[in-house]
Amino acid sequence: MKKFVKRMLMVTAVLFLCIIPVRADAASWVKNPDGSYSCYEDGKLLKSQRFGNYYVDSSGRMVTNRWVKRRFYGDDGKYIKQFKGGWQQIQGNWYYYSASGQKRIGWLTKNGRKYYFNEDGVLQTRWTEIDGVTYYFHTRKGYMLTGMWKIRGKYYYFSNTGEQIFGWMRKGSKTYYFDPETGERTTSFREIDGNTYYFNSVGVMKVGWTRINGEKYFFSKNKNGVMLTGLQKISGKLYYFDKDGVLQTNTTITVNDQTYSVDGSGVCTEKYSGVTSGVSDTMLFFTLFESGGDAYGQVGGDNGSACGKYQFDYRYSLLPFIKYCYSSDPTFFKEFKTFARYTDSQKYKLKSNTKLYSAWRKIYNRDRDRFKAYQDSYAKQEYYDVTERVLSSTFGISLAGRPDVVKGAVFSYSIQHGQTSAALAVKNAGIKNSTSNKQFLQKLYQYRIKQYPAYKTRYNSELSLALSLL
């Protein structure tokens, strides 16, 4: 009997020791080849017992993510008090458990947001690649991002499924481009597949006219935003852009052997070379006093009687000039067709004719250089050339060797007072072939002032300019 009691006391003592937790600081942990942990105390492997907040199973391995005797041990093997599942932060990482203690692996949708846990159940944050697709999860809260986000100073875009967007993306009426390597949103100029595009400060691709750093560019609507260079037709008008896409203004360009004048708005007009007037700027010095520096487009002068730089008057030269233009180039002067059919008895209809004025301005704006050449050419052949022939054939006075400013003085006289009057003025002023150029001008203007004293101030100014051009 005594032996039985003694044996029972020993069994009870052993059982008592098994249910008393071993102090954790009295044990040492060892990591096994399979990644699990076992605990040894005084060199002895501990089994089927807990110590501190940990528990080892019958094989001596630390229990993780399991219930044991109404206690739940988490991913780090530590006992979690009042465990009910859900979010658990363990050693700085976040996990998600079901109520039964199953650790979430992979995707989780909760409260409208998506999360992702790796194969160890750790909640992912920042950049993460899943099955070859790049995602970004909120740095602190871990949910998957969608839409446009600023990350470390750069903007990126993620689809509704969280996939990071690379390359082109259209959202509503706006187009964006994200770097094909990094996914960063593009701003400013960008060359893509050999074409240049421009994206504003918020990444929206520009189309149409755009001013950038004070320069104008055009990004084609028909070509999906491609920057235009060279000679381009836009809304019926020609423009020229240099190799960097900058609109050129107030210059002259040559493209494919064709020369264009470029105005202040960038509109290009072909410079016509078919008609040569043979009139130099020096020869036309007098027009500064006649009709201004550039009056080729002028209409309705002298109370509705005259048009153009030379003030072609409806009573004399306006109808012949219109007929001259239309017969020379009916395509270019198509707006003159109706007026070119007028007979001499109908020329009165040209006075204060607003339809004529409109046609004149339209032709002028279409190609200013060409229209100027026609006006200069007609005025010279009808006024100066006639006067020069009369002087030579009737009075033996030659202008052939005279400078253009002297010829211009004769031209001025013939335009204002007629060809015959101009020839007679040269003769009556006592001008001979031996007269110097300076004396020629002085004698002619002295005679002119004597004949038309009302214009004395103008003629003196005209003479001063002529002498300065000798």
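Numbered by mature numbering (1 follows the signal peptide of the UniProt record, and there is no 0), the letters in the sequence shown go through residues -26 to -1, 1 to 444 in order.
Virtual Cβ for every residue (Gly too), placed ideally from N, Cα, C.
query: Is it the case that the stretch 386 to 405 contacts the stretch 321 to 330, given that we only count it when at least three CB pairs across the two stretches are under 8 Å?; result: no
query: Quick one: residues in its chain with C-beta nearer than 6 Å to the C-beta of Ile64, no 5 flanking neighbours on either side, listed in chain order?; result: Gly48, Asp49 and Asp50
query: Could you have a look at Ala280 and say whether DSSP puts it in helix, strand or coil?; result: strand
query: Exposed or buried, Tyr14, counting other C-beta atoms within 10 Å across all chains shown (16 or more means buried)?; result: exposed
query: Are the beta-carbon atoms belonging to Arg35 and Tyr11 less than 8 Å from one another?; result: yes
query: Less than 8 Å between C-beta atoms, sequence neighbours within five positions excluded: which residues of the same chain meet that for Tyr331?; result: Val273, Gly274 and Cys281
query: How many Å lie between Glu189 and Tyr213 at the Cα?; result: 14 Å
query: Using DSSP with H/G/I as helix, E/B as strand and the rest coil, what is Phe140?; result: coil
query: Anyone know if the C-beta pair for Arg100 and Tyr110 falls short of 8 Å?; result: yes
query: What does the Cβ neighbour count give for Tyr71, buried or exposed, with the cut at 16 atoms within 10 Å?; result: buried
query: Note down, in chain order, each residue of its chain lying with its Cβ closer than 8 Å to the Cβ of Gly382, except the 5 sequence neighbours on either side.; result: Thr256, Met257, Leu258, Phe259, Phe260 and Ala440
query: First and last residue of the alpha helix (DSSP H) that includes Glu264?; result: Thr261 to Glu264
query: Short check: CB of Thr223 to CB of Ser235, under 8 Å?; result: no
query: Looking at the secondary structure, which residues open and close the beta strand (DSSP E) in which Glu15 lies?; result: Tyr11 to Glu15
query: Mind checking whether Gln138 and Tyr130 have CB atoms under 8 Å apart?; result: yes
query: Identify whether Thr431 lies in helix, strand or coil by the three-state DSSP scheme.; result: helix
query: Could you check whether the stretch 309 to 322 touches the stretch 371 to 380, counting it as contact only if at least three pairs of C-beta atoms, one from each stretch, sit closer than 8 Å?; result: no
query: Identify the continuous alpha helix (DSSP H) that holds Gly382 and give its terminal residues.; result: Asp378 to His391
query: Count the other CB atoms, across all protein chains shown, that sit within 10 Å of the CB of Asp350; report buried if there are 16 or more and exposed otherwise.; result: buried
query: Report the three-state DSSP secondary structure of Val194 (helix, strand or coil).; result: First, the amino acid is wrong: residue 194 is Ser here, not Val. Coil, per DSSP.
query: Mapping the DSSP letters down to three states, classify Phe286 as helix, strand or coil.; result: strand
query: Taking its Cβ as the centre, do 16 or more other Cβ atoms sit within 10 Å of Lys124, making it buried, or is it exposed?; result: exposed
query: So, at 7 Å on beta carbons, what are the nonlocal neighbours of Met122 in its own chain, with the 5 sequence-adjacent residues on each side left out?; result: Tyr129 and Tyr131
query: Suppose you measure from the CA of Thr226 to the CA of Thr102; what does that come to, to the nearest Å?; result: 57 Å
query: The beta strand (DSSP E) with Glu244 in it runs from where to where?; result: Cys242 to Glu244
query: Using beta-carbon positions only, say whether Leu365 and Ala397 come within less than 8 Å of one another.; result: yes
query: Enumerate, from N- to C-terminal direction, the unbroken beta strand (DSSP E) stretches of 3 or more residues contained entirely within the stretch 85 to 152.; result: 87 to 91, 100 to 104, 107 to 111, 121 to 125, 128 to 132, 141 to 145 and 148 to 152
query: Expressed to the nearest angstrom, what Euclidean distance is found between the alpha-carbon atoms of Ser367 and Asp216?; result: 55 Å
query: Going by DSSP, which residues form a beta bridge with Trp61?; result: Tyr70
query: Kindly give me the distance between the Cβ atoms of Tyr387 and Arg422, rounded to whole angstroms, as I take these residues to be in contact under 8 Å.; result: 7 Å
query: Rank Asn196, Gly219, Gln425 and Leu205 by C-alpha distance to the C-alpha of Lys185 and give the top, closest one.; result: The sequence shown places Arg at residue 185, not Lys. Among Asn196, Gly219, Gln425 and Leu205, the Cα nearest to that of Arg185 belongs to Gly219.
query: Does the beta-carbon of Pro(-6) have 16 or more other beta-carbons within 10 angstroms, so that it is buried, or is it exposed?; result: Note that Pro(-6) scores a pLDDT of 47, beneath 50, so its modelled location is shaky and nothing firm can be said.
query: How far does the alpha helix (DSSP H) with Phe345 in it extend, from its first residue to its last?; result: Arg342 to Ala353
query: So Met179 and Thr149 are in contact, right, with Cβ under 8 Å, and what is the actual spacing, rounded?; result: 4 Å
query: Report yes if the C-beta distance between Gly95 and Ile79 is below 8 Å; otherwise report no.; result: yes
query: Taking only the alpha-carbon atoms, compute the straight-line gap between Leu205 and Glu165 and give it to the nearest angstrom.; result: 20 Å
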